[in-house]
Amino acid sequence: MYKYLNKESFKPIAVQIICVILLFLIFWQIASGMRAVAQYRDLASAKNIALEQPISQDSFAVAPALNAPLFGEYIPEKLNKIQQSMLNLEVVGIILADQEENSQVIIRMSDGEEQSFRMGDSLPGGALIKKITEEGILVIRNGTLESLSFPKNELIFEPPAKALVH
-10 MYKYLNKESF KPIAVQIICV ILLFLIFWQI ASGMRAVAQY RDLASAKNIA LEQPISQDSF
50 AVAPALNAPL FGEYIPEKLN KIQQSMLNLE VVGIILADQE ENSQVIIRMS DGEEQSFRMG
110 DSLPGGALIK KITEEGILVI RNGTLESLSF PKNELIFEPP AKALVH
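Structure representation (structure tokens):
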């Protein structure tokens, strides 16, 4: 009797048995869930409890987490790809450190006062410093990425002086 049965004939039977067991477990879970809902409704109607709960303000506490960027904020390397900020501030100097978070920028305010800032600091006007580069800084103001760069001074070249001839 055993010599006619081999391992190959047991494979389709084993797959069928596993499928039947899985289907049984799925139906069992569905039936259990339906019983739990029916028991909850019976209990709620017996105690005259409303099935629908009003939405509380606490349920909106997860909204900032859902709106957060999944892969971090995109901060480009080159400042020329970003809109120049309209803040009344001027970059006076930049101190770059080996570790980016230790870099500093010196900014002149509209009243002429100069102050140093680091990444993560808030600037007057509500902008937050996101990155300090050798060209300038990147800030976020009202949810928009903007750049503050060194002032672009036009270079003026005078013609060479004429030699004095006696």
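In terms of this note's numbering, the sequence shown has 92 at position 103, counting the first letter as 1, and numbering is strictly consecutive.
Heads up, the beta-carbon is just placed ideally off N, CA and C, and yes, glycines get one too.
Nearest by alpha-carbon distance to Val128: which of Val26, Ser99, Arg107, Ile19 is it?
As a first step, residue 128 must be located in the sequence shown, where it is residue number 139. Answer by Cα proximity: Arg107.
Return the chain-ordered list of same chain residues with a C-beta closer than 8 Å to the C-beta of Ser74, the five sequence neighbours on each side being excluded.
Walking along the sequence shown from the start, residue 74 turns up at place 85. Closer than 8 Å at the Cβ level, and outside the excluded window around Ser74, lie Ala116, Val128, Arg130, Glu135, Ser136, Leu137.
In terms of alpha-carbon separation, which member of Pro1, Phe60, Ile83 lies closest to Glu124?
Position 135 of the sequence shown holds residue 124. It is Ile83.
One or two residues paired with Ala3 in a DSSP bridge:
Counted from its first residue, the sequence shown places residue 3 at position 14. None; Ala3 has no bridge partner.
Report the option in Glu143, Lys120, Ala150, Val80 whose CA atom is closest to the CA atom of Ala86.
By 1-based counting over the sequence shown, the position of residue 86 is 97. When each option's Cα is compared against that of Ala86, the closest is Lys120.
Using CA coordinates, which residue listed in Arg30, Asn77, Ala25, Phe16 is at the minimum distance from Gly114?
Here residue 114 refers to the residue found at position 125 of the sequence shown. Per the Cα distances, Asn77.
Apart from the five residues just before and just after Leu144, which ones in its own chain have a Cβ nearer than 6 Å to its Cβ?
Taking the first residue of the sequence shown as position 1, residue 144 is located at position 155. Taken in chain order, the list of residues that qualify is empty.
Could you have a look at Gln88 and say whether DSSP puts it in helix, strand or coil?
Position 99 of the sequence shown holds residue 88. Residue state, collapsed to three classes: coil.
Sort Pro148, Gln104, Lys70 by Cα distance to Val80 and report the nearest one.
By 1-based counting over the sequence shown, the position of residue 80 is 91. The candidate whose alpha carbon is nearest that of Val80 is Gln104.
Local Cβ density within 10 Å of Ile19, reported as buried at 16 or more and exposed below that:
Position 30 of the sequence shown, counted from the start, is the residue given in the question as residue 19. Classification for Ile19: exposed.
Measure the C-alpha to C-alpha separation of Leu40 and Ile15 and round it to an integer number of angstroms.
By 1-based counting over the sequence shown, the position of residue 40 is 51. By 1-based counting over the sequence shown, the position of residue 15 is 26. The pLDDT assigned to Leu40 is 49, lower than 50, so where the model puts this residue is not dependable; a value taken from the coordinates is nonetheless given after this. Straight-line Cα distance between these residues: approximately 27 Å.
C-alpha distance - Gly101 paired with Gln72, whole-angstrom precision:
As a first step, residue 101 must be located in the sequence shown, where it is residue number 112. As a first step, residue 72 must be located in the sequence shown, where it is residue number 83. C-alpha separation (whole angstroms): 24 Å.
Determine which residues share a DSSP beta bridge with Leu137 and list them.
As a working mapping, residue 137 is identified with position 148 in the sequence shown. Beta-bridge pairing links Leu137 to Ile126.
Give me, in chain order, the residues of the same chain whose beta-carbon lies closer than 6 Å to that of Gln93; leave out the 5 immediate sequence neighbours on both sides.
Residue mapping note: residue 93 aligns to position 104 of the sequence shown, counting from 1. Excluding residues within five positions, the ones whose Cβ falls inside 6 Å are Ile84, Ser105, Arg107.
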